[in-house]
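Everything on this sheet refers to the single structure shown next.
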Amino acid sequence: MHGLGKIADAPNIPARLVWTVFFLVAFGYAVYLITQTFISYFNWDTITDVKLEFSESLEFPAVTLCNFNKYERKSEVSQNFDAIDYMSPIIGNAFLPDTGGDIPQAQTDVPYSVNLRSITDFSGFRLDADSLMDCTWKGVRCYAENFTQVYTTFGVCYIFNAASGQNLVQTIPGAGNGLHLVVDVKKDLYSEDLEAGGNSDVGLKLHVHPKYEPPELQTQGIAVGPGNHAYVGISQVTYVNEIPPWGICETVQLDHYERYTFSACMLECKAHHVQDECSCTALELIGSVQLESDPQICSPRQIADCVNSVYQRIQTGDLPCYCPTPCEIVEYDTTVSYAGWPNPKASESLIRDYPDRSLDYLKENWVVFDVYYKQLNFQKIEQKRKTSVEGLLSILGGCLGLCIGASVVSITEFAYYLLLRPAKFIMKRTKKNTSTSRTNIIQVR
Numbered sequence: 021m022h023g024l025g026k027i028a029d030a031p032n033i034p035a036r037l038v039w040t041v042f043f044l045v046a047f048g049y050a051v052y053l054i055t056q057t058f059i060s061y062f063n064w065d066t067i068t069d070v071k072l073e074f075s076e077s078l079e080f081p082a083v084t085l086c087n088f089n090k091y092e093r094k095s096e097v098s099q100n101f102d103a104i105d106y107m108s109p110i111i112g113n114a115f116l117p118d119t120g121g122d123i124p125q126a127q128t129d130v131p132y133s134v135n136l137r138s139i140t141d142f143s144g145f146r147l148d149a150d151s152l153m154d155c156t157w158k159g160v161r162c163y164a165e166n167f168t169q170v171y172t173t174f175g176v177c178y179i180f181n182a183a184s185g186q187n188l189v190q191t192i193p194g195a196g197n198g199l200h201l202v203v204d205v206k207k208d209l210y211s212e213d214l215e216a217g218g219n220s221d222v223g224l225k226l227h228v229h230p231k232y233e234p235p236e237l238q239t240q241g242i243a244v245g246p247g248n249h250a251y252v253g254i255s256q257v258t259y260v261n262e263i264p265p266w267g268i269c270e271t272v273q274l275d276h277y278e279r280y281t282f283s284a285c286m287l288e289c290k291a292h293h294v295q296d297e298c299s300c301t302a303l304e305l306i307g308s309v310q311l312e313s314d315p316q317i318c319s320p321r322q323i324a325d326c327v328n329s330v331y332q333r334i335q336t337g338d339l340p341c342y343c344p345t346p347c348e349i350v351e352y353d354t355t356v357s358y359a360g361w362p363n364p365k366a367s368e369s370l371i372r373d374y375p376d377r378s379l380d381y382l383k384e385n386w387v388v389f390d391v392y393y394k395q396l397n398f399q400k401i402e403q404k405r406k407t408s409v410e411g412l413l414s415i416l417g418g419c420l421g422l423c424i425g426a427s428v429v430s431i432t433e434f435a436y437y438l439l440l441r442p443a444k445f446i447m448k449r450t451k452k453n454t455s456t457s458r459t460n461i462i463q464v465r
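Under the working numbering, the first residue of the sequence shown is numbered 21, with each subsequent residue one higher.
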């Protein structure tokens, strides 16, 4: 900016030439830097900021557990021919009794109705005093009442720490300072039919997730089996994504979940497609739709003929689900290690406490696991704009100031000069014309 004055006031041609070359080089370099800055900005590039933050305490997540055996009270349901015929489309011959070929008689005096929800509640996995052998939270006894029942593709499941009103926090890292459970899975009551798509595993499926996020056991979670003590160490990871055009995250307002998550969005999408295509609600999706007092739950025949095909079409993309990447994702990475269980001394103690159960039964049926924070820290992985608006202005100001000595004040002065110069010229011409007119009038007089 000052170079222009030096060029105009140069005392000789060599000095003017030097100042002209210097000005053009500086101006050209400034134009190059500014061009590169705009190109970088409009490429919408991002950088990734990784932080590891420590805390004196961490909020404990929700822990969902499901039995691989969807229906455990087979013997009681198998005496009802109507229930067997009703459930056969989805479980095959799992409920057929061992009667030597005799057909069971239909019973009317049963503690359940012949519908999927009632039969699932009656014969599904129960977490009660007979199956929850031990439960402690930070060494304090907990009970089946501390778990919330939920329906999933595994049937009846249970969530620890699901209530939104309570905030359980872990203040000391390591096993023994989190959740400890011993669950009897009752292997002898397994009724899974492999030909009907049942499970071949024995044990529990666990999913550690935020309290506001519904469990998704079909695609997530870990499996723990009897005969071992599983130590599930968790660590919290938070992902913060940028909005378009820098990133692809978006927050969609869901109908039945307060906070947007990918799994909640997919459950709502599945529920809507099932309602539209099958005119019913899948049992595992009843939390994702607006229910009336008596919802129309899909029957086993509707599941076999319609619901399963809807799920398949969603998976292949024939039925679309608009569930973009959330702008904030909280996940819990799990590290699982196993120890043999029980040791000889523990075996003696258990046999004394449970004389009706043999040591072989304990090893084949009891699932023992701990869920706890490995360390009281959490990782935050944040996607940030490589060049923000403030950063763009700073770079532009630096380029202009370094190369051509321009600032907001000097640019304002230059603009003021460009506007003031023509105004003064016009005012001068106007005044000159007025004076000439007055002189002519005087001469005429």
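Just so you know, even glycine gets a beta-carbon here, dropped at the ideal spot from N, CA and C.
- Would you tell me roughly how many angstroms separate the C-alpha atoms of Leu311 and His292, rounded to the nearest one? Bear in mind that a pLDDT of 48 at Leu311, under 50, signals an unreliable position, so the number given afterwards is only what the model happens to contain. Their Cα atoms are separated by approximately 12 Å.
- Task: Pull up the distance between the alpha-carbon of Met107 and that of Gly196, whole angstroms please.
- Result: 42 Å
- Task: Below 7 Å CB to CB, which residues in the same chain sit around Ser313 once its five sequence neighbours on both sides are set aside?
- Result: With a pLDDT of only 48 at Ser313, under 50, the local geometry of the prediction cannot be trusted, and the value read off the model is given with reservation. There are no such residues.
- Message: What residue range does the beta strand (DSSP E) around Ile254 cover?
- Response: Asn248 to Val260
- Item | Backbone secondary structure at Gly181 - three-state DSSP | Note on residue identity: the sequence assigns Asn, not Gly, to residue 181. Coil at Asn181, not helix or strand.
- Item | DSSP bridge partner residues for Trp386 (one or two, in chain order) | Asp204
- DSSP beta-bridge partners for Leu413? Paired residues: none, contrary to the question.
- Taking three-plus beta-carbon pairs below 8 Å as touching, is the stretch 29–46 in contact with the stretch 348–361? no
- Task: Following the continuous beta strand (DSSP E) through Ser357, name the residue where it begins and the one where it ends.
- Result: Glu348 to Gly360
- Message: Given this structure, state the Cα-to-Cα distance separating Glu288 from Leu274, to the nearest angstrom.
- Response: 8 Å
- Simplified DSSP assignment, three categories, for Gln335: helix
- Message: Taking the beta carbon of Glu304 as the centre, do at least 16 other beta carbons fall within 10 Å, making it buried, or is it exposed?
- Response: buried
- Tell me which same chain residues have a C-beta within less than 6 Å of the C-beta of Tyr232, skipping the five on either side of it? Arg279
- Task: Output yes or no for whether 8 Å exceeds the beta carbon distance between Ile254 and Tyr342.
- Result: no
- Message: Quick check on DSSP: helix, strand or coil for Gly144?
- Response: strand
- Task: May I ask you to report which of helix, strand or coil DSSP gives Asp69?
- Result: strand
- Message: Quick check on this structure: which residue in Thr40, Leu439 and Val252 has the alpha carbon closest to the alpha carbon of Val387?
- Response: Val252
- Closest by C-alpha distance to Asp154, when choosing among Ile334, Tyr374 and Gly194: Tyr374
- Query: Starting from Trp39 and walking both ways along the alpha helix (DSSP H), at which residues does that stretch end?
  - Reply: Ile33 to Phe62
- Spatial neighbours of Lys448 in its chain, beta-carbon cut-off 8 Å, leaving aside the 5 residues before and after: none
- Query: In whole angstroms, what is the alpha-carbon distance linking Gln335 and Glu212?
  - Reply: 24 Å
- Are there 16 or more other CB atoms within 10 angstroms of the CB of Gly159, so buried, or fewer, so exposed? exposed
- Message: Please tell me whether Asn248 and Gly175 are closer than 8 Å, where the distance is taken between their beta carbons.
- Response: no
- Item | Buried versus exposed call for Gly241 [16 or more other C-beta atoms within 10 Å across all chains shown] | buried
- Query: Roughly how many angstroms lie between the CA atoms of Leu24 and Leu413, to the nearest whole one?
  - Reply: 24 Å
- Message: Once the 5 residues before and after Val300 are set aside, which same chain residues still bring their CB inside 6 Å of it?
- Response: A small correction: the amino acid at residue 300 is Cys; Val does not occupy that position in the sequence shown. For Cys300, where only same-chain residues beyond five positions count, the Cβ hits under 6 Å are Gln316, Cys318 and Gln322.
- Item | Residue range of the unbroken alpha helix (DSSP H) whose run includes Leu370 | Pro364 to Asp373
- Can you tell me whether DSSP reads Glu233 as helix, strand or coil? coil
- Message: Quick check on this structure: which residue in Ile110, Glu297 and Thr191 has the alpha carbon closest to the alpha carbon of Ser75?
- Response: Thr191
- Message: What residue range does the beta strand (DSSP E) around Ala243 cover?
- Response: Ile242 to Val244
- Task: Out of Arg93, Pro34 and Cys177, point me to the one whose CA is closest to Pro234's CA.
- Result: Cys177
- Query: What is the DSSP secondary structure of Arg449, reduced to helix, strand or coil?
  - Reply: helix
- Item | Beta carbon of Gly198 nearer than 8 Å to that of Tyr392 | yes
- Task: Output the boundary residues of the alpha helix (DSSP H) element that contains Ala82.
- Result: Segment Ala82 to Asn87 is the beta strand (DSSP E) holding Ala82; no alpha helix (DSSP H) there.
- Query: Just the Cα atoms here: how many angstroms apart are Met286 and Leu420?
  - Reply: 51 Å
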